[in-house]
Amino acid sequence: MSKKRKVSFQNLLKRFPVIDLPVTLGENTEREFYTRHEPLPEALIDAFLPVFFPIELRDEFMEFVPCFKLKDTTGFHALVLWVAGLTVRSYFLVTLNDKGEELQCRAIGGMSFDEESISRTITRIEEDWMIYTVTSVSEDETDLEARSETISEKIELLPDGSIRDVD
233 MSKKRKVSFQ
243 NLLKRFPVID
253 LPVTLGENTE
263 REFYTRHEPL
273 PEALIDAFLP
283 VFFPIELRDE
293 FMEFVPCFKL
303 KDTTGFHALV
313 LWVAGLTVRS
323 YFLVTLNDKG
333 EELQCRAIGG
343 MSFDEESISR
353 TITRIEEDWM
363 IYTVTSVSED
373 ETDLEARSET
383 ISEKIELLPD
393 GSIRDVD
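For this note's numbering, add 232 to where a residue sits in the sequence shown, where the first one is 1.
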(Lines of atoms letter the chains of each structure in order from A and count residues from 1; the text may use other names and numbers.)
(Lines give C-alpha, C1' and ligand atoms only; values in the text may rest on other atoms or scores of the structure.)
Protein backbone atom coordinates (compact mmCIF):
# COMPACT_ATOMS: atom_id res chain seq x y z
CA MET A 1 0.00 0.00 0.00
CA SER A 2 1.47 3.36 -1.00
CA LYS A 3 1.80 6.09 1.55
CA LYS A 4 -0.30 9.16 0.70
CA ARG A 5 1.57 12.41 1.23
CA LYS A 6 -0.05 15.48 2.70
CA VAL A 7 -0.71 18.38 0.33
CA SER A 8 1.20 21.17 2.05
CA PHE A 9 3.47 23.99 1.01
CA GLN A 10 6.33 22.43 2.96
CA ASN A 11 5.80 19.16 1.09
CA LEU A 12 6.10 21.07 -2.20
CA LEU A 13 9.28 22.88 -1.11
CA LYS A 14 10.93 19.65 0.10
CA ARG A 15 10.80 18.30 -3.45
CA PHE A 16 13.11 21.08 -4.70
CA PRO A 17 16.71 20.70 -3.49
CA VAL A 18 18.55 23.94 -2.78
CA ILE A 19 21.54 24.38 -5.09
CA ASP A 20 24.53 26.64 -5.46
CA LEU A 21 24.67 28.94 -8.44
CA PRO A 22 25.71 29.34 -11.22
CA VAL A 23 23.81 26.61 -13.06
CA THR A 24 23.27 25.93 -16.76
CA LEU A 25 20.09 24.35 -18.12
CA GLY A 26 20.66 22.79 -21.52
CA GLU A 27 19.17 20.32 -23.95
CA ASN A 28 19.91 17.22 -21.88
CA THR A 29 19.77 18.47 -18.29
CA GLU A 30 16.10 17.55 -17.91
CA ARG A 31 17.11 13.87 -18.04
CA GLU A 32 19.18 14.35 -14.92
CA PHE A 33 16.22 15.88 -13.09
CA TYR A 34 13.94 13.04 -14.24
CA THR A 35 16.31 10.44 -12.79
CA ARG A 36 16.71 12.27 -9.47
CA HIS A 37 13.18 13.56 -8.82
CA GLU A 38 9.70 12.18 -9.17
CA PRO A 39 7.16 14.35 -11.00
CA LEU A 40 4.98 16.48 -8.75
CA PRO A 41 1.60 14.99 -7.88
CA GLU A 42 -1.33 16.74 -9.53
CA ALA A 43 -2.68 17.68 -6.09
CA LEU A 44 0.38 19.88 -5.44
CA ILE A 45 0.05 21.58 -8.83
CA ASP A 46 -3.66 22.20 -8.18
CA ALA A 47 -2.98 23.55 -4.67
CA PHE A 48 0.01 25.83 -5.31
CA LEU A 49 0.37 26.49 -9.05
CA PRO A 50 -3.17 26.67 -10.50
CA VAL A 51 -2.83 30.23 -11.81
CA PHE A 52 0.37 29.45 -13.73
CA PHE A 53 -0.66 25.98 -14.88
CA PRO A 54 -4.48 25.84 -15.01
CA ILE A 55 -5.97 22.39 -15.43
CA GLU A 56 -7.67 23.34 -18.72
CA LEU A 57 -4.24 24.01 -20.30
CA ARG A 58 -2.70 20.71 -19.19
CA ASP A 59 -2.72 17.63 -21.38
CA GLU A 60 -3.01 14.06 -20.14
CA PHE A 61 0.73 13.45 -20.56
CA MET A 62 1.99 16.63 -18.89
CA GLU A 63 4.50 16.16 -16.09
CA PHE A 64 5.95 18.70 -13.68
CA VAL A 65 9.43 17.67 -12.54
CA PRO A 66 11.02 19.61 -9.67
CA CYS A 67 14.54 20.74 -10.52
CA PHE A 68 15.86 22.99 -7.74
CA LYS A 69 15.24 25.92 -5.41
CA LEU A 70 17.37 29.04 -5.35
CA LYS A 71 18.91 29.70 -1.96
CA ASP A 72 19.06 32.89 0.06
CA THR A 73 15.64 34.19 -0.91
CA THR A 74 13.89 36.17 1.81
CA GLY A 75 10.11 36.50 1.82
CA PHE A 76 9.69 34.31 -1.24
CA HIS A 77 10.75 31.00 -2.79
CA ALA A 78 12.20 30.69 -6.30
CA LEU A 79 11.64 27.24 -7.82
CA VAL A 80 12.75 25.88 -11.17
CA LEU A 81 10.72 23.06 -12.67
CA TRP A 82 10.70 21.14 -15.94
CA VAL A 83 7.28 20.92 -17.57
CA ALA A 84 6.87 18.38 -20.36
CA GLY A 85 3.74 17.50 -22.29
CA LEU A 86 2.45 17.25 -25.83
CA THR A 87 2.83 20.97 -26.54
CA VAL A 88 5.42 22.13 -24.01
CA ARG A 89 8.94 21.08 -22.99
CA SER A 90 10.25 23.96 -20.91
CA TYR A 91 11.97 25.05 -17.74
CA PHE A 92 9.93 27.50 -15.68
CA LEU A 93 11.06 29.82 -12.90
CA VAL A 94 8.20 30.13 -10.41
CA THR A 95 8.16 32.45 -7.41
CA LEU A 96 5.83 31.98 -4.45
CA ASN A 97 5.55 33.99 -1.25
CA ASP A 98 6.05 32.42 2.19
CA LYS A 99 2.35 31.51 2.34
CA GLY A 100 2.61 29.54 -0.91
CA GLU A 101 0.78 32.15 -2.98
CA GLU A 102 1.86 32.55 -6.59
CA LEU A 103 3.91 35.65 -7.40
CA GLN A 104 5.32 35.16 -10.89
CA CYS A 105 6.14 32.49 -13.45
CA ARG A 106 8.38 32.67 -16.50
CA ALA A 107 9.53 30.12 -19.07
CA ILE A 108 13.33 30.33 -19.01
CA GLY A 109 14.46 27.51 -21.26
CA GLY A 110 13.67 24.32 -23.10
CA MET A 111 12.26 23.52 -26.50
CA SER A 112 9.21 24.66 -28.41
CA PHE A 113 8.01 23.82 -31.87
CA ASP A 114 5.36 24.68 -34.40
CA GLU A 115 4.68 23.74 -38.01
CA GLU A 116 7.53 25.90 -39.30
CA SER A 117 10.36 25.84 -36.76
CA ILE A 118 11.98 24.37 -33.67
CA SER A 119 13.34 26.66 -30.94
CA ARG A 120 15.83 25.52 -28.31
CA THR A 121 16.85 27.68 -25.38
CA ILE A 122 19.93 27.24 -23.18
CA THR A 123 19.80 29.08 -19.84
CA ARG A 124 22.41 30.14 -17.30
CA ILE A 125 21.41 31.41 -13.85
CA GLU A 126 24.19 33.37 -12.14
CA GLU A 127 24.86 33.92 -8.44
CA ASP A 128 23.43 37.46 -8.65
CA TRP A 129 20.10 36.02 -9.96
CA MET A 130 20.73 37.27 -13.48
CA ILE A 131 19.39 34.79 -16.02
CA TYR A 132 20.93 34.63 -19.48
CA THR A 133 19.18 32.76 -22.27
CA VAL A 134 20.23 31.97 -25.81
CA THR A 135 17.58 30.64 -28.18
CA SER A 136 18.38 29.07 -31.52
CA VAL A 137 15.62 28.72 -34.08
CA SER A 138 15.83 26.12 -36.83
CA GLU A 139 13.42 26.11 -39.74
CA ASP A 140 14.52 22.70 -40.99
CA GLU A 141 13.41 19.96 -38.61
CA THR A 142 15.52 17.36 -40.46
CA ASP A 143 18.72 19.39 -39.99
CA LEU A 144 18.71 20.75 -36.45
CA GLU A 145 22.18 22.22 -36.97
CA ALA A 146 20.81 24.60 -39.62
CA ARG A 147 20.14 27.57 -37.35
CA SER A 148 18.35 30.45 -38.97
CA GLU A 149 18.23 32.80 -35.99
CA THR A 150 19.76 33.24 -32.53
CA ILE A 151 18.07 35.34 -29.84
CA SER A 152 19.71 36.36 -26.55
CA GLU A 153 17.81 37.60 -23.51
CA LYS A 154 18.69 38.86 -20.05
CA ILE A 155 16.20 38.29 -17.25
CA GLU A 156 16.50 39.32 -13.61
CA LEU A 157 15.00 37.81 -10.48
CA LEU A 158 14.42 40.70 -8.07
CA PRO A 159 14.60 40.59 -4.24
CA ASP A 160 10.79 40.79 -4.00
CA GLY A 161 10.31 37.65 -6.12
CA SER A 162 9.36 39.45 -9.31
CA ILE A 163 10.91 38.51 -12.64
CA ARG A 164 11.70 41.14 -15.27
CA ASP A 165 13.40 41.53 -18.62
CA VAL A 166 16.62 43.54 -18.64
CA ASP A 167 17.36 45.77 -21.63
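Every residue, glycine too, gets a C-beta built ideally from N, C-alpha and C.
Being a predicted model, the structure only gives us computed values, none of them experimental.
According to DSSP, what are the bridge partners of residue i?
i    : result
D397 : I387
S344 : S351
Please work out which residues of its chain come closer than 6 Å, Cβ to Cβ, to residue i, disregarding the five sequence neighbours upstream and downstream, and give them in chain order.
i    : result
V255 : I357
M229 : Nothing can be reported for residue 229, as the shown portion of the chain is limited to 233 through 399.
Could you compute how far the alpha carbon of residue i sits from the alpha carbon of residue j?
i    : j    : result
S349 : A316 : 18 Å
E381 : I395 : 25 Å
L311 : C337 : 9 Å
F324 : D304 : 19 Å
F248 : P298 : 6 Å
M362 : P391 : 12 Å
E264 : V250 : 15 Å
Thinking C-alpha only, which one of the options is nearest residue i?
i    : options                   : result
G307 : D399, L335, R268 and S344 : L335
E274 : E264, P286 and R263       : P286
V326 : G341, D252, T355 and L281 : L281
Leaving out the 5 sequence neighbours to the left and right, which residues in its chain are closer than 8 Å to residue i when beta-carbon positions are compared?
i    : result
M343 : E259, R321, S322, I350, S351, R352 and T353
3-residue-minimum beta strand (DSSP E) runs that sit fully inside the segment 279 to 320, ordered along the chain: 295 to 302 and 308 to 316
With a floor of 4 residues, list each alpha helix (DSSP H) that falls wholly inside the segment 243 to 275, ordered by position along the chain. 261 to 268
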